[in-house]
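Peer 1: A single structure is presented below for examination.
In the numbering used here, the protein residues as written are 95 to 261.
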């Protein structure tokens, strides 16, 4: 299956807990002022890659314990990320995603977009909310602005309310 990406980082310690493989998806509708990855906004930019190749590249490094979907906006390509993510989960990887949409907005989208819900269902952690330049902080772990939340997705889905992820 194909996925449009901006690029990858093979060993990251800033995109989630532990050593992780990070996939930067291409295309974002949010256009947040001060975005850290503005090159990922164009839906026609980046490159198309095969998800099997990404999976092989990530799992070839025996040090990674997690995978992060960043962007761009990962939830603009939920189907290939869901299928790729299920393969990572089967291998025991911690799975995290960023989104400019809030958890609540994603739940509403999932009512009409099947793979948004499916992608949420396999995530361990979601960093949600648009980047707000006026709330930017370098002191926040794995987030860029104070409005963004680190969400324990599995607990949140089970409890039907947002449960913050404890680092």
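Every residue gets a Cβ at the ideal spot worked out from N, C-alpha and C, and that includes glycine.
Which same chain residues end up closer than 8 Å to residue 176 when comparing Cβ atoms and leaving out the 5 residues on each side of it in sequence?
Peer 2: What you label residue 176 is simply residue 82 of the chain shown in a count that begins at 1. 209, 212, 213, 216, listed in sequence order.
Peer 1: Run the CB neighbour count on residue 156, radius 10 Å, all protein chains shown included, and call it buried at 16 or more, exposed below.
Peer 2: The residue given as residue 156 occupies position 62 in the chain shown. The residue is exposed, with fewer than 16 neighbouring Cβ atoms inside 10 Å.
Peer 1: To the nearest angstrom, how far is the alpha carbon of residue 249 from that of residue 143?
Peer 2: On the chain shown, residue 249 is found 155 positions in, with the first residue counted as 1. On the chain shown, residue 143 is found 49 positions in, with the first residue counted as 1. C-alpha separation (whole angstroms): 32 Å.
Peer 1: Between residue 98 and residue 140, is the Cβ-Cβ spacing less than 7 Å?
Peer 2: Residue numbering aside, residue 98 sits at position 4 when the chain shown is read from its first letter. Residue numbering aside, residue 140 sits at position 46 when the chain shown is read from its first letter. A contact, by the Cβ cut-off of 7 Å.
Peer 1: Can you list, in chain order, the residues of its chain whose CB lies under 7 Å from that of residue 153, leaving out five sequence neighbours each side?
Peer 2: For this step, residue 153 is matched to residue 59 along the chain shown. Here the set comprises 185.
Peer 1: According to the Cβ coordinates, are residue 120 and residue 102 closer than 7 Å?
Peer 2: Locating residue 120 in the chain shown gives position 26, where the first residue counts as 1. Locating residue 102 in the chain shown gives position 8, where the first residue counts as 1. Cβ distance not < 7 Å, so residue 120 and residue 102 don't count as in contact.
Peer 1: In this structure, does DSSP put residue 243 in helix, strand or coil?
Peer 2: The residue given as residue 243 occupies position 149 in the chain shown. Strand.
Peer 1: On the DSSP bridge list, what partners appear for residue 222?
Peer 2: Position 128 of the chain shown holds residue 222. In DSSP, residue 222 forms a bridge with 193, 243.
Peer 1: Tell me the rounded alpha-carbon separation between residue 161 and residue 180.
Peer 2: As a working mapping, residue 161 is identified with position 67 in the chain shown. As a working mapping, residue 180 is identified with position 86 in the chain shown. Their backbone Cα atoms lie some 11 Å apart in a straight line.
Peer 1: Among the residues of its own chain, which have a CB less than 8 Å from the CB of residue 170, if the five just before and after it don't count?
Peer 2: Working through the chain shown from its first residue, we reach residue 170 at position 76. Hits under 8 Å: 119, 121, 122, 123, 137.
Peer 1: Could you pull out every residue in the same chain whose Cβ sits closer than 8 Å to the Cβ of residue 96, ignoring the five residues on either side in sequence?
Peer 2: On the chain shown, position 2 is the one that residue 96 refers to. So the qualifying residues of the chain are 142, 143, 144, 145, 174.
Peer 1: Could you work out which residue in 192, 252, 200, 207 is closest to residue 239 when comparing CA atoms only?
Peer 2: Locating residue 239 in the chain shown gives position 145, where the first residue counts as 1. Checked all of 192, 252, 200, 207; the closest Cα to residue 239 is 192.
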